[in-house]
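**Student:** In our numbering, the protein residues as written are 270 to 475.
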């Protein structure tokens, strides 16, 4: 559906010398990506539809997690930045409501479940203290493997969170499956399990 957190060790290696720790590097990389996006004006009709769906979901968890939504144009469909900012493409206004709600609920799940904080903890464990190239070089392979595994686990957990949310809203499993097939069947990547694995995981929860 979208890219999951920036896992490339290259981002760490290229961190400016004045960065003090890996959390600062990760937070800055998220801020830079977010700032480079094209945001859709709030008054845009499609943005209003997407925001309305987000508000419908976010109000259920407002007391647990502070988060916001930003509607964008461009290649990103939906993504959670730094555990608090949900980016959603304006095109989601045109897909079936069940698809739009599931995609947004999935991203909200990343925020509510503290997935960004888990990633920061993983990186801190491998790169404590000041970020130096010799440190990142030494752990790049192991960190990459662990980050990929964690990302896969988090994607399934966010799917499960979204499925529970959708059921509470009265939607069926069949309606949710459309969220995965809307953008074509995907194979496994470093950050995401493939579409078939994700659907099978949700089916196993029934």
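Each residue gets a CB set at the ideal place from its N, CA and C atoms; glycine is no exception.
What's the C-alpha gap between residue 453 and residue 401?
**Tutor:** Cα to Cα, the separation comes out at about 40 Å.
**Student:** Have a look at 348, 311 and 352 and flag the residue whose alpha-carbon is nearest the alpha-carbon of residue 292.
**Tutor:** Looking at the Cα atoms, 352 is the closest of the given residues.
**Student:** Going by DSSP in three states, residue 355 sits in which element: helix, strand or coil?
**Tutor:** Three-state DSSP puts residue 355 in a strand.
**Student:** May I ask you to report which of helix, strand or coil DSSP gives residue 309?
**Tutor:** Note: residue 309 maps to coil in three-state DSSP.
**Student:** Where does the unbroken alpha helix (DSSP H) through residue 371 begin, and where does it stop?
**Tutor:** Taken as a continuous stretch (DSSP letters only), the alpha helix (DSSP H) holding residue 371 covers 366-381.
**Student:** The beta strand (DSSP E) with residue 339 in it runs from where to where?
**Tutor:** Looking at the DSSP string, the run of the beta strand (DSSP E) that includes residue 339 is 337-342.
**Student:** Using a Cβ-Cβ cutoff of less than 6 Å, which residues in the same chain neighbour residue 284 once the five nearest sequence positions on both sides are dropped?
**Tutor:** Only weak support is given to the placement of residue 284: the predicted model assigns it a pLDDT of 48, under 50, and the question is left unresolved by the model.
**Student:** Does the region 307-318 touch the region 413-433, meaning 3 or more C-beta pairs lie closer than 8 Å?
**Tutor:** Taking 8 Å as the limit for Cβ pairs, the verdict is that the region 307-318 does not touch the region 413-433.
**Student:** Would residue 427 and residue 382 qualify as a contact pair, given that the criterion is a beta-carbon distance under 8 Å?
**Tutor:** Yes, Cβ-Cβ distance for residue 427 and residue 382 is below 8 Å.
**Student:** Figure out for me which residue from 410, 380, 303 and 340 has the closest Cα to the Cα of residue 315.
**Tutor:** The shortest C-alpha separation from residue 315 is found at 340.
**Student:** Would you mind reading off the limits of the alpha helix (DSSP H) that contains residue 430?
**Tutor:** Looking at the DSSP string, the run of the alpha helix (DSSP H) that includes residue 430 is 402-437.
**Student:** Restricting to Cα atoms, I'd like to know which of 368, 461 and 350 is closest to residue 298.
**Tutor:** It is 350.
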